[in-house]
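Have a look at the structure below, then the notes.
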Amino acid sequence: MVERRILVVHGPNLNLLGTREPEIYGSLTLQQINARLEERARELGLELECFQSNHEGELIDCIHRAQGRCKWLIINAGALTHYSYALRDAISSVGLKAIEVHLTNVFAREPFRHVSVIAPVCVGQIAGFGLNSYLLALEAVARAL
Ligand code: DQA
Numbered sequence: 016m017v018e019r020r021i022l023v024v025h026g027p028n029l030n031l032l033g034t035r036e037p038e039i040y041g042s043l044t045l046q047q048i049n050a051r052l053e054e055r056a057r058e059l060g061l062e063l064e065c066f067q068s069n070h071e072g073e074l075i076d077c078i079h080r081a082q083g084r085c086k087w088l089i090i091n092a093g094a095l096t097h098y099s100y101a102l103r104d105a106i107s108s109v110g111l112k113a114i115e116v117h118l119t120n121v122f123a124r125e126p127f128r129h130v131s132v133i134a135p136v137c138v139g140q141i142a143g144f145g146l147n148s149y150l151l152a153l154e155a156v157a158r159a160l
């Protein structure tokens, strides 16, 4: 059912989770994060599709494909968060309800990470809780239904 279907998008470099700067991003791999999300989604009666790419255009294509099939988008756009107007326009073009997530508290980090160009086209933002940022986004969807 479209109402309960969520696209989870992970942007550049998140495929390296587990080995990428573990002191910042933790030790969980992307597969482990996705598995935990699938498990929680099942418990909440939600359906998930997970996608990762290092390429802006592939992320945009994936968001376009979700139009009409998914109602929600949970997105960690990685560094694209901070400068990709194309990704922002993709989100606003397809009418998905988007939740921006980050593993880290981007506001406690370098100044360039304090800007999100996608935040204005998202329902809300969750940052700083590692895996729980994604899990809290799932809870937010479940409570909105
Ligand atoms: C990130 C924060 C971004 O600034 C960074 O470029 C990432 C990961 C996070 O989840 O904390 O790749 O989105």
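Numbering (the numbering used here), first residue to last: 16 to 160.
Positions of the beta carbon are idealized from the N, C-alpha and C atoms, including for glycine.
Where does the unbroken alpha helix (DSSP H) through R35 begin, and where does it stop? As a working mapping, residue 35 is identified with position 20 in the sequence shown. From DSSP, R35 is part of no alpha helix (DSSP H); its letter is neither H nor E.
The beta strand (DSSP E) enclosing R128, as first and last residue numbers: Start at 1 with the first residue of the sequence shown, and residue 128 comes out as number 113. Premise fails: R128 is in no beta strand (DSSP E) and is neither H nor E.
First and last residue of the alpha helix (DSSP H) that includes E73? Position 58 of the sequence shown holds residue 73. Note, E73: alpha helix (DSSP H), 71-80.
Return the CA-CA distance between Y100 and G72, expressed in angstroms with no decimal places. For this step, residue 100 is matched to residue 85 along the sequence shown. For this step, residue 72 is matched to residue 57 along the sequence shown. Going by the C-alpha atoms only, they are around 12 Å apart.
If you check the beta carbons only, do I21 and L61 fall under 8 Å apart? Counting from one through the sequence shown, the residue named residue 21 turns up at place 6. Counting from one through the sequence shown, the residue named residue 61 turns up at place 46. Yes, they are a contact pair.
Spatial distance of S108 from E36 (CA atoms): The residue given as residue 108 occupies position 93 in the sequence shown. The residue given as residue 36 occupies position 21 in the sequence shown. The straight-line gap from Cα to Cα measures roughly 34 Å.
Where do the N-terminal and C-terminal ends of the alpha helix (DSSP H) with F156 fall, by residue? In the sequence shown, residue 156 corresponds to position 141, counting from 1. Reading the sequence as shown, one finds Val at residue 156 and not Phe. First-last of the alpha helix (DSSP H) with V156: 146-159.
Coil, strand or helix - L111 by DSSP: Position 96 of the sequence shown, counting from 1, holds the residue named residue 111. If DSSP states are grouped into helix, strand and coil, L111 belongs with coil.
Do H79 and ligand 1 come close, with the Cβ less than 7 Å from some heavy atom? As a working note, residue 79 is residue 64 in the sequence shown. Not so, every heavy atom of ligand 1 lies at least 7 Å from the Cβ.
For L29 and L153, believed in contact at Cβ under 8 Å, the rounded distance: The residue given as residue 153 occupies position 138 in the sequence shown. The residue given as residue 29 occupies position 14 in the sequence shown. Contact flag wrong, Cβ pair sits at about 17 Å.
How is A123 classed by DSSP in three states: helix, strand or coil? Taking the first residue of the sequence shown as position 1, residue 123 is located at position 108. Residue state, collapsed to three classes: helix.
Secondary structure of A142, DSSP reduced to three states: Position 127 of the sequence shown holds residue 142. Strand at A142.
Excluding the 5 residues flanking H129 on each side, which residues of the same chain have their C-beta closer than 7 Å to its C-beta? Against the sequence shown, residue 129 aligns to sequence position 114. The beta carbon of H129 sits closer than 7 Å to the beta carbons of V121, F122 from its chain, once the five residues preceding and following it are set aside; these are given in chain order.
Between the alpha carbons of F144 and G83, how many angstroms are there, rounded? On the sequence shown, residue 144 is found 129 positions in, with the first residue counted as 1. On the sequence shown, residue 83 is found 68 positions in, with the first residue counted as 1. For F144 and G83, the distance between alpha carbons rounds to 30 Å.
Residue range of the beta strand (DSSP E) that includes I21: As a working note, residue 21 is residue 6 in the sequence shown. From DSSP, the beta strand (DSSP E) with I21 extends over 20-25.
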